[in-house]
Structure formats: C-alpha cells, structure tokens
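Comments concern the structure below.
Okay, here's the thing in structure tokens:
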C-alpha cells in the first residue's frame, strides 16, 4: 500500500477546493450537507474521483484500513463521522457511544482523508423529518432480528450521506457483513451510481475483531471475548476437513463460546453472504456470523468460507 | 413560453450525445438505467442542465405543459414513461391503465423532450428486489389513506428514476398535490441535490382536470364529474366571502358532488399544503383536495387557497 507522503504536498483536493487553507492545513472539516455537495461537485466536475468512508467515529485500525483503501483508489477521500441515532434501539448504547473527534481528525488525516464530513444530528434530522429507506428480507435475520429498526437507520443514513458526498465508491468493513450486503442491495435496487467496496476485518494481535465498542470491555470480558474469533477458526477448520452441515458447526461454536464465564450468545448463524438467508447445507459460499454479549457489550464477528 | 423552433435544429442534447442519430432524429429512447446514467453524465459533465418529467405515459395536455415547463428551464429534457406497478393496489387499474407509446413519443417530442426514458418492469424491479422508500405522516391522509402503499410505490420509483436520470430539477403536476408534497419532503429529507418544480393543473374547456383516467369515463360520468371542479370553485368563492371553517366548506362541496347520479365521494379534505394535516381553521394557506369516483373511475382534483 502506498504512503501519503508519495503524493504531492498539496493534494488534488487542496488544489481544487478553494475553501482549503493550503498553508499547512492537511484536511478540511465540513459540517453541512450543502457545503459537502458543493465541494463534491467541484471535485467531480474536473473528472476526479471521490472515495467515501462512512463511520460513527472513534476510529480504530479497522476504520483506518478502509480510509487507506479509499486513498489507494480515489483522488479525494471523504470520511464521515456521525453517530447516527436512528440505528440505535431505545435500550442501546447511543448515549455512551465513545467519541473523540480530536483523535479521529488526526488519525483520519494520517490515513489519507482529505475531508471529514461531520454534520450535527439537527443537520441530518431536522424538525419534520419523515423519510426512511428500508431493505426487506436481508434485514430480517442476524443483527436485523436482534436489533429491530437498526438496518432502517443504517440504510436511511447511508442514503443521506451518499447524496451529500456523491462518491464514486463507498467503503464498508466486512466486520459488519450484513450491513455491507444490505447496502449493496440498496445501491443496486435504487440505481445509485456508485460502487460498494468491502475491506477485510482487522483484528487485534490476539484475534479480537476491532470495534469501537471494545473500549467498554473489562479485562476479564476481553479475555472471554476471544472465544468469538477462536470459535470461527474452529468452524473454518471443520469445513476444511469436510463438514458441510451448518447445525454441527453452529453447535461447536456454541460450546466454545458458552464455555466462557462472561459471554452470552445473541445468535450464531450460517447464511448466504448476499441474501443473508440460512443455509441448509454449505455449498459454494457461506457467511458464518455471530453476535455475542461480553458482559453488557454486544460484539459481532464473522468469516466467509468458500468450499 | 418559448417555442421549440426557437432553438437550433440540432439541440444541445443532439450535439452532446453520440448515440443520437442527428440526421433528422429529434429524440432518443433509452431503455436501461445504465444507458440513461451514461447520457446524463455526458450532459452534466459539460455543465448543461437536465430537466426531468416523470410520467406513466398516455400523455395529455397536463403532462405536455410540464414538459414545456422543463424545456423552458433546462438544456436537456428527459421524460420517463413507466407504468409503475408498485403504486397500484391489488384492486386497482394497473392492467387496464391506458398506454399508447407511439402517440406519447410524438407528443413528448413536440413539447420539447430530448430523451424518453422507457424502462421495462424487469429493468426497474429485477428478481430479488427488496428496497423501498417511505415518507411518514404526509402519506397518511387523503390519497394515502384511500390507497395503502400507493405513496411508497411513488417515492420508491421516483428515487430510482432520479438516480437514473440525475436531473437538476424534476417537474410534478399540482393535480397530484399530495404526491408533489411527498416528493418535496423526500428530496429534502434524503438530501437529494435536485429541485422539485410544480406545474399548475391543466383543465379541459369545461373545467375537468386532465387525467389519463378520463378516458375511462362514459358521457354521463363525464358530465357528473364536472361537479369536482365546480364544487372547488364554490369553496374558493366561500373563502373569498370570509368563510374560514373547513367543516362548512367541506359540507357544501359534499352536497354539490352528492347531487350527481354517478359520483361517489372518496374523500374531501382541507389540509396544510406541505404537511397534509387537516386544518381546524383556514389561515394562511390551505389545500382543498378531493377524490371522487365517477362510476368505477377514481378522479382527484384540488385547489390551493391563500387568505
């Protein structure tokens, strides 16, 4: 992967966008939809491409890998930071969701972001707001079953962000495999003229999938949470050895996670990676996905296997 | 209003779009979303504007007035013709909805259309289709109450069409006042970078609002259907004379329409022109809207009054 330093000091974004202070400033913060659209129009009008990484902030190495991926492919990289209230359930962690804009600004810039789109909740959902985007079927399993309304919040905010940023492509993490599939479905169904790119799961040294929510974990919960990744590795091993029965694989994953003190399984499912429908038998491709509470913190992880 | 002949024989669209046969051909028919996007990108890239008129075809003078309006404001005019199945209820007239593409092609061209976007149902809703756009509240009254699911069909297909055509503005008829308000709400809420323009109701010489469905009417039904417009004129007269009580106005409209043999009232409502919520008293602006069956044909009409 290239390095930011390989590019001219004054990037394409800096040379195009008059609002950039090019005297040493590396990145711009945009707060309103209209300003974002104006800047994107300038970039697109000269035939330059825009890569977009939507995030809820509190950026970790997983997000940064997606920003670097966008930076490789696009002339201008836009990262949005917006903790979207409509994708949290009433009992979920909206209020305590971790935030650190100062740190995000620095790390996004270092990873290659040219613009951070950082709207307020009032900018995104003003009084009288009434419109929602819904994807059926794919959203009824896995996290969709556990978190009613969650995916409607995700698809709606992504549609709004896509219209604000006008990207050539948008990058999503494979850790949220169902989210990426739902967005691909929405983009195809509603004829959005953009590409959906997926970046691989990034893990801590011990295998725990990176997540902003890992910050909630106690040391003991953190230890027990390793069973998510370990059980997925076990399932891959079973499939390599010829197992094709989802029930048998799910049972081994369940035993592995249940053996830990602090874990409580939300779901373990083996589904088709695009339709998210449960598989009766593993053929071609399968997504093995799980959601597990470690203490009060809900963690997800997954793997895609090809046979 | 200008005339098509005032423009150069080879229009901007013809000079820009390589797929145009400029030897005498006045208009292009585009069948796929991807082709439409490619042509729109060409137009937009050179800084020319696109005006868009979505229709279900069987064009009458009402539609043509919207095409002329688009032609006045835009460099390139796109008219879509698509009888959208998802906005018809199971008991409605999808199968018998009138169609005449040959006539539409000719009249759209004469009114100023450069491109007709004419996709198939399979192109718009391929196997596995799963995504819908919903506007709450505004869609719960008037036609939304009478036709469950209708507006979800309308908003979803408009979103798809907007992404295919990429217009600078889209033109809707004021005859479908609630539809225009719902689309304005959707465009604002989802940050679509386009303007929603509304063209006035066009009427037959006797006052009947133009509609593709007027073709269903028998002579007797056609005569009785004049009570829609007549009752709206009565209501305007009452308001001019100082009446501010919606109930009193609705009662007069009801009596006028009920006096006819072939009419059956679906609804008569006086609402806020943007929120579509019923008014307790007429202040500022009011939309007086009605839907009436003449025989089996459902007709709508409305007027906006300012006091």
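Residue numbers (this note's numbering), protein chains in the order written: chain A, 9 to 315; chain B, 9 to 315. Where a beta carbon is used, it is the ideal one built from N, C-alpha and C, also for glycine. Everything numeric in this text was worked out from a predicted model, so none of it was measured.
Per the DSSP calculation, residue i is bridged to which residue(s)?
i, result
"residue 215 of chain A", "DSSP output for residue 215 of chain A lists no bridge partner at all."
"residue 300 of chain B", "B/273 and B/307"
"residue 295 of chain B", "B/279 and B/312"
"residue 140 of chain A", "B/142"
"residue 181 of chain A", "A/207"
"residue 244 of chain B", "Beta-bridge pairing links residue 244 of chain B to no other residue."
"residue 258 of chain B", "According to DSSP, residue 258 of chain B bridges with nothing at all."
"residue 63 of chain A", "A/89"
"residue 159 of chain A", "None, per the DSSP bridge assignment."
"residue 4 of chain A", "No information on residue 4 of chain A is available, as it lies outside the stretch 9 to 315 that chain A covers here."
"residue 58 of chain A", "A/84"
"residue 286 of chain B", "B/279"
8 Å is my cut-off, CB to CB: does residue i come that close to chain B?
i, result
"residue 300 of chain A", "no"
"residue 138 of chain A", "yes"
"residue 217 of chain A", "no"
"residue 206 of chain A", "no"
"residue 262 of chain A", "no"
"residue 35 of chain A", "no"
"residue 12 of chain A", "Unreliable positioning characterises residue 12 of chain A in this predicted model, as indicated by a pLDDT of 44, which lies under 50. The coordinate reading is nonetheless provided below. By this cut-off, residue 12 of chain A is not an interface position."
"residue 89 of chain A", "no"
"residue 142 of chain A", "yes"
Could one say the Cβ of residue i lies closer than 8 Å to chain A's Cβ atoms, at least one of them?
i, result
"residue 40 of chain B", "no"
"residue 184 of chain B", "no"
"residue 92 of chain B", "no"
"residue 45 of chain B", "yes"
Taking the beta carbon of residue i as the centre, do at least 16 other beta carbons fall within 10 Å, making it buried, or is it exposed?
i, result
"residue 54 of chain B", "exposed"
"residue 31 of chain B", "Caution is warranted here: a pLDDT of 44 is assigned to residue 31 of chain B, below 50, making its placement in the model unreliable, and the coordinate value is therefore given only provisionally. Per the 10 Å Cβ criterion, exposed."
"residue 272 of chain A", "exposed"
"residue 128 of chain B", "exposed"
"residue 73 of chain B", "buried"
"residue 36 of chain B", "buried"
"residue 103 of chain B", "exposed"
"residue 168 of chain B", "buried"
"residue 78 of chain B", "buried"
"residue 80 of chain A", "exposed"
"residue 29 of chain A", "Bear in mind that a pLDDT of 48 at residue 29 of chain A, under 50, signals an unreliable position, so the number given afterwards is only what the model happens to contain. Burial call: exposed."
"residue 254 of chain A", "buried"
"residue 307 of chain B", "buried"
"residue 193 of chain B", "buried"
"residue 33 of chain A", "Low confidence applies to residue 33 of chain A: its pLDDT is 49, below 50, so where it sits in the model is not reliable, and the reading given next is rough at best. By the neighbour-count rule (16 or more Cβ atoms within 10 Å), residue 33 of chain A is not buried but exposed."
"residue 156 of chain A", "exposed"
"residue 266 of chain B", "exposed"
"residue 239 of chain B", "buried"
So with CB distances below 9 Å, who are the chain B contacts of residue i?
i, result
"residue 64 of chain A", "Neighbours of residue 64 of chain A on chain B: none; closest Cβ ~18 Å, over 9 Å."
"residue 316 of chain A", "The requested residue 316 of chain A does not occur in the structure, where chain A is confined to residues 9 to 315."
"residue 223 of chain A", "Within chain B, no residue comes near residue 223 of chain A; the closest Cβ sits about 31 Å away, beyond 9 Å."
"residue 311 of chain A", "The contacting residues do not exist; residue 311 of chain A stays about 24 Å from chain B at best."
Comparing C-alpha positions only, which one of the options sits nearest to residue i?
i, options, result
"residue 275 of chain A", "A/145, A/45, A/150 and A/283", "A/150"
"residue 176 of chain B", "B/60, B/222 and B/73", "B/60"
"residue 218 of chain A", "A/92, A/204 and A/236", "A/236"
"residue 154 of chain A", "A/112, A/244 and A/299", "A/299"
"residue 213 of chain B", "B/224, B/144 and B/231", "B/231"
"residue 67 of chain A", "A/210, A/244 and A/305", "A/210"
"residue 268 of chain B", "B/228, B/277 and B/246", "B/228"
"residue 196 of chain B", "A/241, A/294, A/164 and A/62", "A/164"
"residue 136 of chain A", "B/135, B/304 and B/284", "B/284"
"residue 107 of chain B", "B/303, B/89, B/312 and B/171", "B/89"
"residue 166 of chain B", "B/83, B/245, B/143 and B/148", "B/143"
"residue 189 of chain B", "B/139, B/110 and B/280", "B/280"
"residue 148 of chain A", "A/293, A/207 and A/159", "A/159"
"residue 100 of chain B", "B/315, B/65, B/310 and B/301", "B/301"
"residue 295 of chain B", "B/305, B/314 and B/109", "B/314"
How would you list, in chain order, the residues of chain B whose beta-carbon sits under 7 Å from the beta-carbon of residue i?
i, result
"residue 199 of chain A", "41, 168, 171 and 172"
By the criterion of Cβ-Cβ separation under 9 Å, what are the contact partners of residue i in chain A?
i, result
"residue 315 of chain B", "Within chain A, no residue comes near residue 315 of chain B; the closest Cβ sits about 23 Å away, beyond 9 Å."
Could you name the residues of chain B that residue i contacts, counting a contact when the two beta carbons are closer than 8 Å?
i, result
"residue 255 of chain A", "Here the premise fails: no neighbours, minimum Cβ distance about 26 Å."
Just the chain A side, please: which residues come within less than 8 Å of residue i by C-beta, in chain order?
i, result
"residue 271 of chain B", "Neighbours of residue 271 of chain B on chain A: none; closest Cβ ~33 Å, over 8 Å."
Requested in this report: Could you list the residues in the region 144 to 170 of chain B with a C-beta less than 7 Å from some C-beta on chain E, going in chain order?
Outcome: The structure shown has no chain E; the protein chains it does contain are A and B.
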